[in-house]
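Numbering follows UniProt numbering, in which position 159 of the sequence shown is assigned residue number 159; successive positions increment by one, without gaps.
Cβ atoms here follow ideal geometry from the backbone N, Cα and C, with glycine treated the same way.
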Amino acid sequence: MLERFTVDVLAEHVATQLLEGEPTPKLVHRFFRKGRRDGKRALDHASVSKLLQDAVQLAASSLVEELVRAQNQTEQRIADLQAEVDAHDELIKPHVPSGSSTFESPGPDTTSETDSGPSAVADVADSSQRLLDALAKKKSLKVARLKEAEAAEVKAREAAKKTALDLAEEKATAARAEIPRLQQHLKSLPAEFSQRFESMKHTGEILWSRYCNGFVLGESKRGSRSSDVETPAGALNFTTPPPLQTTTSDGTASADAATTPGE
1 MLERFTVDVL AEHVATQLLE GEPTPKLVHR FFRKGRRDGK RALDHASVSK LLQDAVQLAA
61 SSLVEELVRA QNQTEQRIAD LQAEVDAHDE LIKPHVPSGS STFESPGPDT TSETDSGPSA
121 VADVADSSQR LLDALAKKKS LKVARLKEAE AAEVKAREAA KKTALDLAEE KATAARAEIP
181 RLQQHLKSLP AEFSQRFESM KHTGEILWSR YCNGFVLGES KRGSRSSDVE TPAGALNFTT
241 PPPLQTTTSD GTASADAATT PGE
């Protein structure tokens, strides 16, 4: 029975039916039966209208919390993407290339000739020269290998740097494309949630209308017994929370302030 509904439970019923935009037949029928019973017994309907208004407002509060959460998440995502763009811009800034180590090539042989005497030391001189030539060749090969290793290391560093730049460029390009879309989404969130609130209000209006229909039917079965209770008339008006208010071209809020429900 409707009497068992607390504001929290009723708000949950209203909120869970937003996607469909219509209340469930079971909930509608409960309001109709409640109205018929109140009309037949000439009970005051003010408590029902207040219960329904409070329920919609409670559900709207949850909607506002969801809106704020969505805005914060979108803003954080935009900030993260902007950080990626900034990191990329910092990475590609011109910088002075670090100097590479150099290796001196072997200089001319400065070995001074020794006094060798006539022919007695000729073989010794030839042997020494061959040894010096072998050492010079060995040193030259070592230097060549070191230079080759250094060139390979530089090439590897350049390849790694290019890979990092390419990845950063790819991420920055995607971020630059995503940021405007998220910014537009952020601007559209209030209107999107405002539409959902309008759907919520529509659900509340349907429930109130069915209650009124039931009340009138109950009155007709009450006969001619007099009563001080007036037939409920008019529609309920629900207060739109400021975060869900949209603005018109002149900058004023388009949502109307709440008014007292028709009695």
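Exposure label - residue 38; buried when at least 16 CB within 10 Å: buried
Residue 70 vs residue 189 beta-carbon contact at 7 Å: yes
For residue 29, the three-state DSSP class (helix, strand or coil): helix
Burial state of residue 207 (16 or more Cβ within 10 Å): buried
Which of helix, strand or coil DSSP assigns to residue 267: Outside the displayed span of the chain (1 to 263) sits residue 267, for which this structure offers no information.
Contact check, residue 244 vs residue 36, beta carbons under 7 Å: no
For residue 88, the three-state DSSP class (helix, strand or coil): helix
Where residue 163 falls: helix, strand or coil (DSSP): helix
Pair within 7 Å by beta-carbon distance, residue 13 and residue 27: yes
Stretch pair the stretch 49 to 63 + the stretch 167 to 181: three plus CB contacts closer than 8 Å: no
Cβ pair residue 90, residue 171 closer than 7 Å: no
Local conformation of residue 23 per DSSP, three classes: coil
Collapsed DSSP secondary structure at residue 12 in the structure displayed: helix
Option nearest residue 183 by Cα separation, candidates 78, 159 and 126: 78
Under the three-state DSSP convention, the category residue 132 falls into: helix
Simplified DSSP assignment, three categories, for residue 38: helix
Residue closest to residue 231, alpha-carbon to alpha-carbon, out of 237, 241, 213 and 239: 213
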